[in-house]
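Participant: Could you have a look at this structure, given as structure tokens, before my questions?
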Amino acid sequence: MSATQPERPVRPTAESRAPAGPGRSPALTTGLRTAALRLGALTVGQAALMVGLGLLITGPAQSIWPVSVEDEVNEGFERLRTGPLTDVSFAASEAGNTLTIIAITVLVCLGLVVIPRLPKWRQAVFLAVGVSLQSLVFLVITVCVDRDRPDVDRLDASPPTASYTSGHTGAATALYAGLAVLALLPGGRSRRNKVLAGLLLLVPLLVGLARLYRGMHHPTDVLGGMLNGVLSLLVAYRTLLADGRAPAPVPKNAMEIAQEVAAERAEQVVGHTVVVINPTVTGEEEREKLRLVLEQYGRHGAEFVDTTADDPGGGQAAAAVRDGASLVVVCGGDGTIRAAADRLAGTGVPLAVVPCGTGNLLARNLGLPVAPAEALAAALGGAERRIDLGRIVGDGLPATHFTAMSGAGLDAAMLENTGSAAKSALGWPAYVVAGLSSLRAPRMSVSIRLDGGPMLRRTARMVLLANIGDVQGGATLVPSARPDDGLLDLAVFDPHGPGGWLRAVGTVLRGRRKPHESTGMPVEYFTFRHAELHFATRQSRELDGDPVGAGRRLVAEVRPGALTVLLPSGGE
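In my numbering, the protein residues as written are 15 to 586.
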């Protein structure tokens, strides 16, 4: 913000400005307290409105049209009943059944969090909150408003709740209309999405008609259920998705706020900061958030440098070291992090890992948040730590380093079979899909020599050289692997048939650390400082999630404490 501009933004007060603590820069402001208060206030108002309407319908309005003719409407639906229509009404009514609503909501919310490359937490919370609010207000209504069900032959068992409002219709409105809202959010308003949204909006109408047909509710009960569902979505949308922003958007004078916070909490950090960005996974909005976090922590004037297809991060990191950078921030996936770490190894220049890729294995194992701005704030608020690297070389593979895992066989074939389009659409589950198609790959024969010891001969589906143990989904694949223990781990996977894969999963879950005497075990673990692997035939190989071409040889050794990283307090 230039001082020469004619108008200067209003200076924030101490109460309105984010506190000067880690993770509280304007880039990270989410307004959770404000959102919770707004959500509570609007929900109370919604419940009061719905209860008031119910008391009006069951009281003074009973003799007023159209409430006075509702019994005739229910009797008319009863006269329309036929066998096929009854079957159709049952299917439509089940679309609003409690178990159906819960199952679909859970599956959709999990999908929004797990499947995309960058989890859609806000959209998932919006849907969960909308459906939950409807249920909460519905329960309040049934306690406050006592209304008998229609005096017709009812096709379903009467639940203990009152007739007002229709819980099936309200839940269906909240869920299916909520899905329609998500389909029509900015960026998704294609013709196909509009058609999908229209079909979704028909479902609550069909559920409401089915409940009338089956004699379970009066017309005003169904209309009340729809209104309750719509109001629940409006409350959730206003709180969580309004204008496509978080509850408390980044203020226009956020840079000024960040600089003032930095001045209050510490002196300006001496030295130059270089931020290496993979532009294919990091947008302009995320860059601005990272810049604000850097400003908050006193790292002013950071230089942002993009990776390229020809140089995925190594050249940029090396140039930063040559130019005297005091910190290199790398924003990308494991491949980008690996390329930069390879050139930072042994230099002493600290690395701040900002996960922006598909797997982000190193960041997960270092205890960093998965959200880029939060990860950077956590790192800058922490301290320098030294972690190990694996140095690896092979036929056709020049000497380089890996930070997380290297391997050959099934995992490398899986990575080769995962296209960039699938990764963009599905995120890390795309690897699982590709892995299923690679399960029938033939076993490989491998000779292993560890730390100059005797030669071990094994058959295997895959072998992993690991500096870290945890993979996606929180699973621990190599239980004893630690990035700072001065050792690397070798895992040899050789399951036979479905039973063998189940035994392999059990072995992983039990976390066995020592090699087994029998070669028939589905998984064997070893620790080493130097390893030589020779394959009988050429095998697919990978480094930190990137295929590196097939070959018959890998030689790996640990480089203890070769990489300096910034980690949050208590990070691994």
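Yeah, the Cβ is synthetic: ideal placement off N, Cα and C, and Gly gets one too.
Just verifying my parser: in three-state terms, what is the DSSP assignment at C345?
Facilitator: strand
Participant: Given this structure, state the Cα-to-Cα distance separating R457 from Q553, to the nearest angstrom.
Facilitator: 10 angstroms
Participant: Which value, in whole angstroms, describes the spacing of the CA atoms of R228 and E92?
Facilitator: 7 angstroms
Participant: Count the other C-beta atoms from every protein chain shown that fall within 10 angstroms of the C-beta of S180, then say buried if there are 16 or more, exposed otherwise.
Facilitator: buried
Participant: What is the C-beta distance between A570 and G360, in whole angstroms, given that I count them as a contact (C-beta under 8 angstroms)?
Facilitator: That pair is no contact at about 17 angstroms.
Participant: Quick one: any contact between the region 390-399 and the region 301-308, if contact means 3 or more CB pairs under 8 angstroms?
Facilitator: yes
Participant: Does DSSP put M428 in a helix, a strand or coil?
Facilitator: helix
Participant: Give the secondary structure of T287 by DSSP, where H, G and I count as helix, E and B as strand, and everything else as coil.
Facilitator: strand
Participant: Which whole-angstrom value describes the C-beta separation of L464 and F542, a residue pair presumed to lie in contact below a C-beta threshold of 8 angstroms?
Facilitator: 4 angstroms
Participant: Tell me, please, whether the region 165-178 touches the region 73-83 by the rule of three or more beta-carbon pairs shorter than 8 angstroms.
Facilitator: no
Participant: What does DSSP give as the partner residues of I406 in its beta bridges?
Facilitator: T414, A570
Participant: Nearest to V87 by CA position, among T350, P468, R225, is which residue?
Facilitator: R225
Participant: Out of I71, P468, H544, state which residue places its alpha-carbon closest to the alpha-carbon of P574.
Facilitator: H544
Participant: Tell me which same chain residues have a C-beta within less than 7 angstroms of the C-beta of N207, skipping the five on either side of it?
Facilitator: A197, L198
Participant: Could you tell me whether the Cβ atoms of M230 and R163 are closer together than 9 angstroms?
Facilitator: yes
Participant: Got a sec? Which residues, its chain only, sit under 8 angstroms from D612 by beta carbon, not counting five neighbours each side?
Facilitator: Coverage of the chain is limited to positions 15 through 586, which leaves residue 612 absent and any answer about it impossible.
Participant: Would R336 be called buried (16 or more neighbouring beta carbons within 10 Å of its own) or exposed?
Facilitator: exposed
Participant: Any idea which residues DSSP pairs R471 with across the strands?
Facilitator: S461
Participant: For A518, I'd like the list of residues in its chain whose CB is within less than 7 angstroms of its CB, leaving aside the five on either flank, ordered along the chain.
Facilitator: Correct list, in chain order: F507, P509, P536, V537.
Participant: Assign G565 to one of three DSSP states: helix, strand, or coil.
Facilitator: Here G565 sits in strand by DSSP.
Participant: Kindly indicate the opening and closing residues of the beta strand (DSSP E) around Q553.
Facilitator: Per DSSP, Q553 belongs to the beta strand (DSSP E) from 544-553.
Participant: Measure the alpha-carbon distance for A413 versus V249 and round it to whole angstroms.
Facilitator: 57 angstroms
Participant: By how many angstroms is the C-alpha of G144 removed from the C-alpha of G421?
Facilitator: Each residue's alpha carbon lies about 45 angstroms from the other.
Participant: Below 9 angstroms between beta carbons: does that hold for P364 and G346?
Facilitator: Pairing P364 with G346 gives a Cβ-Cβ distance that is not under 9 angstroms.
Participant: Smallest Cα separation from V139: which of D409, A50, A61?
Facilitator: Nearest C-alpha to V139: A50.
Participant: Quick check on this structure: which residue in A377, N111, R405 has the alpha carbon closest to the alpha carbon of P173?
Facilitator: The residue among A377, N111, R405 with its C-alpha nearest the C-alpha of P173 is N111.
Participant: Can you tell me where the alpha helix (DSSP H) with D235 in it begins and where it stops?
Facilitator: From DSSP, the alpha helix (DSSP H) with D235 extends over 233-254.
Participant: How should R352 be labelled, buried or exposed, when 16 other C-beta atoms within 10 angstroms of its C-beta is the threshold for buried?
Facilitator: Buried.
Participant: Using a 10 Å radius around the Cβ and a threshold of 16 neighbouring Cβ atoms, would you call L67 buried or exposed?
Facilitator: buried
Participant: Helix, strand or coil for D85, going by three-state DSSP, please let me know.
Facilitator: Three-state result, D85: helix.
Participant: Tell me, please, whether the region 234-253 touches the region 214-222 by the rule of three or more beta-carbon pairs shorter than 8 angstroms.
Facilitator: Yes, the region 234-253 is in contact with the region 214-222.
Participant: Helix, strand or coil: how does DSSP classify S583 here?
Facilitator: coil
Participant: Give a yes or no on whether the C-beta atoms belonging to V579 and V407 are separated by under 9 angstroms.
Facilitator: The Cβ-Cβ distance between V579 and V407 does not fall below 9 angstroms.
Participant: Provide the residue(s) that pair with L557 in DSSP beta bridges, ordered along the chain.
Facilitator: S420, D560
Participant: For the beta strand (DSSP E) that contains P369, what are its first and last residues?
Facilitator: 365-369
Participant: Rounding to the nearest angstrom, what Cα-Cα distance links N379 and G483 in this structure?
Facilitator: If I take the Cα positions, the gap works out to 7 angstroms.
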